[in-house]
Amino acid sequence: MMELKLSMVVKLLWIHCLAIVCTSQDFDFFYFVQQTQWPGAYCDSKQSCCYPSTGKPASDFSIHGLWPNYKDGSYPSNCDPGSNFDPSKISNLTQRLQRDWPTLACPSGDGLQFWAHEWSKHGTCSESILNQNEYFSTALNLKERVNLLQILGDSGIQPNGDLYSLESVKDAIKGGIGYDAWIQCNTDTSGNSQLYQVYICLDASGSNFTDCPIFPHGKCRHNIEFPSF
């Protein structure tokens, strides 16, 4: 009888440990991507843009996403199809999301489809440490910590349509946050390379900035335009 009870305890402990392993995070770091999309670069391209139904966004960098990644350059996605985006879970964040995480895709929208996509594709892969509300609030708080427009402005880099060296942009951001960032460029309707998105890395907790283990592929020209918006 004692052996049977001991066996049951061992099995229960094994199941408990297995559950912990299965629900632990399965990624190495986060990319915090601010389009940290520059809206001027998004709109000044052949794909064009549509302002959100809530109105024209501010002339500021906006959030594209908070993306779990692996050190080999790959990334998990759509980790939990059963975890549906629920607007009621982020109702306390709606105004901040509309301001700092707007959609510029066409046709014009209120942002819900964009946020649902980011949660389903990326957020569900960090669900072991960030629930739905925490995922979005973490990204919003990170944007407050990293005021890219001010960081670049302090180095004389302004969204005025002028050309700036890629290295000066990188140096300005590193001087502002203490870590290297990866710059993504796109091409405007005249064929100019322009500042589009900035990738900043965080550790797997989503709390601390860190050196990026790997950068995405692609490159900008030596001189890039910082378009107005």
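Residues -24 to -1, 1 to 205 (mature numbering (1 follows the signal peptide of the UniProt record, and there is no 0)) are what the sequence shown spells out, left to right. The C-beta atom is built at its ideal place from N, Cα and C for all residues, glycine as well. Since this is a predicted model, take the numbers as computed values, not measurements.
If you reduce the DSSP assignment to three classes, tell me which class Phe205 lands in.
coil
How many Å lie between Pro143 and Phe202 at the Cα?
Note that residue 143 is Glu in the sequence shown here, rather than Pro. When rounded, the distance between both Cα atoms is 14 Å.
Quick check: the stretch 57 to 73 against the stretch 4 to 23, are there 3 or more CB pairs under 8 Å?
no
For Val174, which residues does DSSP report across the bridge?
Gln10, Ile159
Can you tell me where the alpha helix (DSSP H) holding Trp43 begins and where it ends?
Taken as a continuous stretch (DSSP letters only), Trp43 belongs to no alpha helix (DSSP H), being part of the beta strand (DSSP E) at 41 to 45.
Indicate whether the contact test is met: 3 or more Cβ pairs, each with one atom in the stretch 184 to 200 and one in the stretch 19 to 34, closer than 8 Å.
no
Note down the Cα distance separating His40 from Asn136, rounded to an integer number of angstroms.
22 Å
Tell me which residues share the same chain as Cys82 and place their Cβ nearer than 6 Å to its Cβ, disregarding the 5 neighbours each side in the sequence.
Cys26
Report the rounded CA-to-CA distance for Pro63 versus Leu69, giving the unit in angstroms.
10 Å
What is the DSSP secondary structure of Leu139, counted as helix, strand or coil?
strand
For Val154, tell me which candidate among Phe61, Ile127, Asn168, Leu139 has the shortest Cα-Cα distance.
Sequence check: residue 154 is Gly here, not Val. Of the listed residues, the one whose Cα sits closest to Gly154 is Ile127.
Would you give the residue range spanned by the alpha helix (DSSP H) that Cys55 belongs to?
Premise fails: Cys55 is in no alpha helix (DSSP H) and is neither H nor E.
Using 8 Å for Cβ pairs, my map puts Thr100 next to Asp56. What's the rounded Cβ distance?
4 Å
Work out the CA separation of Asp138 and Asp48 for me, nearest whole Å.
36 Å
Who are Asn199's beta bridge partners in DSSP?
Ser141
Using the Cβ count rule (16 or more neighbours within 10 Å means buried), how would you classify Met(-17)?
In this prediction, Met(-17) has a pLDDT of 40, which is less than 50 and means its spatial position is unreliable; nothing more can be read from the coordinates.
Please state if the CB of Gln173 and the CB of Gln160 are separated by a distance shorter than 8 Å.
yes
Pick out whichever of Gly129, Cys177, Leu42, Asn60 has its Cα sitting closest to the Cα of Asp187.
Cys177
Assign His98 to buried or exposed, taking buried as 16 or more other Cβ atoms, counted over all protein chains shown, within 10 Å of its Cβ.
buried
If you drop the 5 nearest sequence neighbours on each side, which residues of the same chain put their C-beta closer than 7 Å to that of Asp4?
Asn45, Tyr46, Lys47, Ala180, Pro189
In three-state DSSP terms, what is Leu(-13)?
The predicted position of Leu(-13) is uncertain, since its pLDDT is 38 and thus under 50; a value taken from the coordinates is nonetheless stated next. Three-state result, Leu(-13): helix.
Taking its Cβ as the centre, do 16 or more other Cβ atoms sit within 10 Å of residue 227, making it buried, or is it exposed?
The question about residue 227 has no answer, for the chain in this structure spans -24 to 205.
Just to confirm, does Asp179 get its C-beta within under 7 Å of one of the non-hydrogen atoms of the ligand NAP?
Here there are no bound small molecules, and the ligand NAP is not part of this structure.
Do Pro78 and Ser113 have their beta-carbon atoms positioned less than 8 Å apart in this structure?
no
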